[in-house]
Amino acid sequence: MKKILDTDSFVALLGTKGGPAIRTGSTNPTSSLLVLGGRKIVVDCGLGVTRGLVDQGMALKDLGLIFITHMHSDHYLELGPLIHTAWTAGLATPVTVHAPNGIEEYWKHFLLSMKADIELRIEDEGRPDLSALVIFETLNEDEALRLDDLTVTATRNEHPPLVDTFALRFAGNGFDVVFSGDTAYLPMLADFAEGADLLIHEAMLEDALEELFKRVGNGDDRLKTHLLRSHTMARDAGKIATQARVGALALHHLIPSDDPNFTENDWVAAMNGHWDGPLHVGKDGMRIPLTRAS
Numbered sequence: 003m004k005k006i007l008d009t010d011s012f013v014a015l016l017g018t019k020g021g022p023a024i025r026t027g028s029t030n031p032t033s034s035l036l037v038l039g040g041r042k043i044v045v046d047c048g049l050g051v052t053r054g055l056v057d058q059g060m061a062l063k064d065l066g067l068i069f070i071t072h073m074h075s076d077h078y079l080e081l082g083p084l085i086h087t088a089w090t091a092g093l094a095t096p097v098t099v100h101a102p103n104g105i106e107e108y109w110k111h112f113l114l115s116m117k118a119d120i121e122l123r124i125e126d127e128g129r130p131d132l133s134a135l136v137i138f139e140t141l142n143e144d145e146a147l148r149l150d151d152l153t154v155t156a157t158r159n160e161h162p163p164l165v166d167t168f169a170l171r172f173a174g175n176g177f178d179v180v181f182s183g184d185t186a187y188l189p190m191l192a193d194f195a196e197g198a199d200l201l202i203h204e205a206m207l208e209d210a211l212e213e214l215f216k217r218v219g220n221g222d223d224r225l226k227t228h229l230l231r232s233h234t235m236a237r238d239a240g241k242i243a244t245q246a247r248v249g250a251l252a253l254h255h256l257i258p259s260d261d262p263n264f265t266e267n268d269w270v271a272a273m274n275g276h277w278d279g280p281l282h283v284g285k286d287g288m289r290i291p292l293t294r295a296s
């Protein structure tokens, strides 16, 4: 069966690093752009998301729909700066942010921190009221969210100590794309992702973890405990993809993503015996086209 490329539907992995820190040579923290039939959806807003969107050719004034999977800084640190920068770039239409409880408190304090600049630009440049442009909706798993021709469903994943943390499934323009969010190995995600065209799953490389713990420098054994109980080994992401019978798997939120002693070949090797379908090992700026059967 031949596959047909839909040029108006793709996923761009803007930042592929697990965790908030950046160092010389490292990738950026987590953010993605999902485009379905030309409709643009931002998923997570780690450091670098604004530049990542522009590099994908997106006009920031077209920003309209954002999802935040959970309240860890590598997923929402740049939410405020993204919206503010879009506003200075011509944003005049509402932006809806779907996120767990707590995001409005962040936004309130962001506006307060930028109060002088915002008020000056409204008065001096005639900008619209920034605070009035942003609508917040609490992300939950009670029912499917229907936005015109787009349907979004959420399910809680497992990312302790947080409770309000979600995997997301987007259905639109004939495609289904699933983001695992940050999660421990959770076999039930295979049911949630069943038959999706693309599963974007976080991943840790087991062989590289000990060196990572040494590099961090200002943590203790609690960091190791957190990573091991709250994230998924690459091989287990492969198991989920196989059980879900997805069309393709993309490894995202890589831990680590910036150790030169480990390359794409190591991630591919971790899939051996667990996933043998199309595989994308995340890199900043990677665009993954969506295809449909003819």
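Here the numbering used here is used: the first residue of the sequence shown is 3, the next is one more, and so on. We put the beta carbon where it would ideally sit given N, CA and C, even for glycine.
Reference Val154, options Ala173, Pro130, Met116 and Thr227, closest by Cα: The sequence position of residue 154 within the sequence shown is 152, counting from 1. Of the listed residues, the one whose Cα sits closest to Val154 is Ala173.
Local conformation of Ala195 per DSSP, three classes: Counting from 1 along the sequence shown, the entry for residue 195 is found at position 193. Ala195: coil per DSSP, three-state reduction.
For Ala134: DSSP bridge partner residues: Here residue 134 corresponds to residue number 132 of the sequence shown, with the count starting at 1. BP columns for Ala134 are empty, so no partner.
Whole alpha helix (DSSP H) elements within the segment 260-284, 4-residue minimum: 266-272
Secondary structure of Gly17, DSSP reduced to three states: Position 15 of the sequence shown, counted from the first residue, corresponds to residue 17. Strand, per DSSP.
The segment 35-42 / the segment 138-148 touching (three or more Cβ pairs under 8 Å): no
Backbone CA spacing between His203 and Glu139 [nearest angstrom]: Position 201 of the sequence shown, counted from the start, is the residue given in the question as residue 203. Position 137 of the sequence shown, counted from the start, is the residue given in the question as residue 139. The straight-line gap from Cα to Cα measures roughly 24 Å.
Close beta carbons around Gln245, own chain, < 8 Å, minus the five adjacent residues each side: Translated into positions along the sequence shown, residue 245 becomes position 243. So the list reads Pro189 and Ala192, once near-sequence residues are dropped.
C-beta atoms of Leu135 and His86 nearer than 8 Å: In the sequence shown, residue 135 corresponds to position 133, counting from 1. In the sequence shown, residue 86 corresponds to position 84, counting from 1. Not a contact, by the Cβ cut-off of 8 Å.
Given 8 Å, three or more beta-carbon pairs between the segment 207-221 and the segment 264-279: yes
Rounded straight-line distance, which links the Cα of Ala252 to that of Val51: Here residue 51 corresponds to residue number 49 of the sequence shown, with the count starting at 1. Here residue 252 corresponds to residue number 250 of the sequence shown, with the count starting at 1. Going by the C-alpha atoms only, they are around 19 Å apart.
Under 8 Å between C-beta atoms of Ile257 and Phe12: Translated into positions along the sequence shown, residue 257 becomes position 255. Translated into positions along the sequence shown, residue 12 becomes position 10. The answer is no: Cβ separation not under 8 Å.
Pick from Asp178, Met73, Arg25 and Val270 that is closest to Glu196, judged by C-alpha positions: Position 194 of the sequence shown, counted from the first residue, corresponds to residue 196. Checking every option, the nearest Cα to that of Glu196 belongs to Asp178.
Contact check, Leu15 vs Gly279, beta carbons under 8 Å: Taking the sequence shown and counting its residues from 1, one reaches residue 15 at position 13. Taking the sequence shown and counting its residues from 1, one reaches residue 279 at position 277. No, these two residues do not count as a Cβ contact at 8 Å.
Thr167 versus Lys117, Arg224, Ala101 and Ala271, residue with shortest Cα-Cα distance: For the purposes of this step, residue 167 is taken as residue 165 along the sequence shown, with counting starting at 1. It is Ala101.
Separation of Pro22 from Phe215, as counted between CA atoms: Within the sequence shown, numbered from 1, the residue matching residue 215 stands at position 213. Within the sequence shown, numbered from 1, the residue matching residue 22 stands at position 20. Rounded to whole angstroms, Phe215 to Pro22 spans 15 Å at the Cα level.
Identity of the residue in Ile124, Tyr187 and Asp151 nearest Gly240 by Cα: Taking the sequence shown and counting its residues from 1, one reaches residue 240 at position 238. Of the candidates Ile124, Tyr187 and Asp151, the one whose C-alpha sits nearest the C-alpha of Gly240 is Tyr187.
Which of helix, strand or coil DSSP assigns to Ile70: By one-based count along the sequence shown, residue 70 stands at place 68. Correct three-state label for Ile70: coil.
Boundaries (first-last residue) of the alpha helix (DSSP H) holding Arg217: Numbered from 1 along the sequence shown, position 215 holds the residue referred to as residue 217. Note, Arg217: alpha helix (DSSP H), Leu211 to Val218.
6 Å CB neighbourhood of Arg129 in its chain, flanking five on each side removed: As a first step, residue 129 must be located in the sequence shown, where it is residue number 127. Once the five neighbours on either side are set aside, the close Cβ partners of Arg129 are Arg123.
Rounded C-alpha distance that separates Leu292 from Thr9: Along the sequence shown, read from residue 1 onward, the residue named residue 292 stands at position 290. Along the sequence shown, read from residue 1 onward, the residue named residue 9 stands at position 7. Distance between the alpha carbons of Leu292 and Thr9: 8 Å.
Spatial distance of Phe112 from Ala198 (CA atoms): If you number the sequence shown from 1, residue 112 lands on position 110. If you number the sequence shown from 1, residue 198 lands on position 196. Taking the straight line from one Cα to the other gives about 36 Å.
Beta-carbon proximity list for Ala236, same chain, < 7 Å, skipping 5 on both sides: Here the question's residue 236 lines up with position 234 in the sequence shown. The residues are Ala205, Met206, Leu207, Leu253, Trp269, Ala272 and Met273.
First and last residue of the uninterrupted alpha helix (DSSP H) at His228: Working through the sequence shown from its first residue, we reach residue 228 at position 226. Looking at the DSSP string, the run of the alpha helix (DSSP H) that includes His228 is Asp223 to Ser232.
Cβ-based burial, Thr234 [other Cβ within 10 Å; buried from 16]: Taking the sequence shown and counting its residues from 1, the one referred to as residue 234 is at position 232. It is buried - the Cβ of Thr234 has at least 16 other Cβ atoms within 10 Å.
8 Å CB neighbourhood of Val97 in its chain, flanking five on each side removed: As a first step, residue 97 is located in the sequence shown; it is residue number 95 there, counting from the start. Counting only Cβ-Cβ distances below 8 Å, and skipping sequence neighbours, we find Leu65, Gly66, Leu67, Ile68, Ile85, Ala88, Leu135, Val136 and Ile137.
Residues of its chain near Thr18, where Cβ-Cβ distance is below 8 Å and the 5 sequence neighbours each way are ignored: As a first step, residue 18 is located in the sequence shown; it is residue number 16 there, counting from the start. If we look at Thr18 and ignore the five residues flanking it on each side, its Cβ neighbours are Thr29, Asn30, Thr32, His254, His255, Leu256, Ser259, Gly284, Lys285, Asp286 and Met288.
Exposed unless 16 or more other CB atoms sit within 10 angstroms - verdict on Leu71: Position 69 of the sequence shown holds residue 71. First, the amino acid is wrong: residue 71 is Thr here, not Leu. Flag for Thr71 reads buried.
Element boundaries [alpha helix (DSSP H), containing Ile124]: Looking up residue 124 in the sequence shown gives position 122. Here the alpha helix (DSSP H) through Ile124 covers Lys117 to Glu127.
Beta-carbon separation (whole angstroms), Phe181 vs Val45, contact threshold 8 Å: As a working mapping, residue 181 is identified with position 179 in the sequence shown. As a working mapping, residue 45 is identified with position 43 in the sequence shown. So it is a contact: roughly 6 Å between Cβ atoms.
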